[in-house]
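**Q** Take this structure, written in structure tokens, and hold onto it; I'll ask about it next.
Protein chains in written order, with this note's numbering: chain B, 1 to 141; chain P, 1 to 125.
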């Protein structure tokens, strides 16, 4: 929300945090459709595509420096293409959700070192990497 | 699970199991070796390394053949610049099925999915 003088404006970041990918909030879909001049069904379809893109982007944890480093951006683009290709091929596992397919594809596209780093980072992010921390959490004797 | 993680299973584990071809009665050899590297002994088969990670020495694994047989058909993975041998996912699945522990059984669907994906997509690393 932004206030300018006496007026307040509500800013919605379409395609960033508000891609309506289903019909749960018809008023929001109408709002987006009116904004872009498209039909509600097109708005939902676009929302689904955007959601998928955001999920893949988050799975890759794309860093901000991508905007400034062409070499990193090129490498990351290749990785993204490989992850996308793998995610498509993983459709042979019908029980997987979109998020799970991207997660599996990301993991399969990585090198063993990258997989291990991700595992360690996961433990660190939960404060469970050190034995003493796990002991405090009751996860180790 | 460490071997599974290195082969692409998006999971995590709190310790690393290392299968050693040493009689269990000689466990002190491994403990002494670990202590010489600065590790701390926590239990008879578990040590905490200097970086805080846990290593669990295993002397036998459920559902597997002999150490020599499994070593010969293990997958070679390059990790931190070293070539290490890890049990293939199919053997890990067999091992967890045979052990029958709840936490192992809970991982089976994930392990089977990744094993099938690696096989179908011919992923070798």
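Beta carbons are placed, not taken as given, at the ideal position from N, Cα and C, and that holds for glycine. The structure presented is a predicted model; accordingly, all values stated were derived computationally and were not measured.
Would you verify that the beta carbon of residue 113(B) is, or is not, closer than 8 Å to some beta carbon of chain P?
**A** Cβ-Cβ to chain P under 8 Å: yes for residue 113(B).
**Q** My output table needs one value for residue 4(B): the three-state DSSP class, helix, strand or coil.
**A** Correct three-state label for residue 4(B): strand.
**Q** Alpha carbon to alpha carbon, how far is residue 136(P) from residue 6(B)?
**A** This structure gives no information on residue 136(P), because the portion of chain P shown stretches from 1 to 125.
**Q** Could you give the residue range of the beta strand (DSSP E) that holds residue 93(P)?
**A** Per DSSP, residue 93(P) belongs to no beta strand (DSSP E); it is in the alpha helix (DSSP H), 89-99.
**Q** Starting from the beta carbon of residue 19(P), find every residue of chain B whose beta carbon is closer than 8 Å, and list them in chain order.
**A** Under the 8 Å cutoff, chain B gives no residues; its nearest Cβ is about 18 Å from residue 19(P).
**Q** Under three-state DSSP, which class holds residue 21(B)?
**A** In the structure shown, residue 21(B) sits in coil (DSSP, three-state: anything other than H, G, I, E or B).
**Q** Alpha carbon to alpha carbon, what distance is there between residue 101(B) and residue 47(B)?
**A** Whole-angstrom Cα-Cα distance: 19 Å.
**Q** Applying the criterion that 16 or more other CB atoms from any shown protein chain within 10 Å of the CB defines a buried residue, is residue 126(B) buried or exposed?
**A** Per the 10 Å Cβ criterion, exposed.
**Q** For residue 86(B), which residues in chain P fall below 9 Å Cβ to Cβ?
**A** The contacting residues are 117, 121, 123.
**Q** How far does the beta strand (DSSP E) with residue 82(P) in it extend, from its first residue to its last?
**A** Residues 82-86.
**Q** Please decide whether residue 89(B) counts as near chain P, where near means a Cβ-Cβ distance under 8 Å.
**A** Yes, its Cβ sits closer than 8 Å to a Cβ of chain P.
**Q** Using DSSP bridges, identify the partner residues of residue 116(B).
**A** Per DSSP, none; premise fails for residue 116(B).
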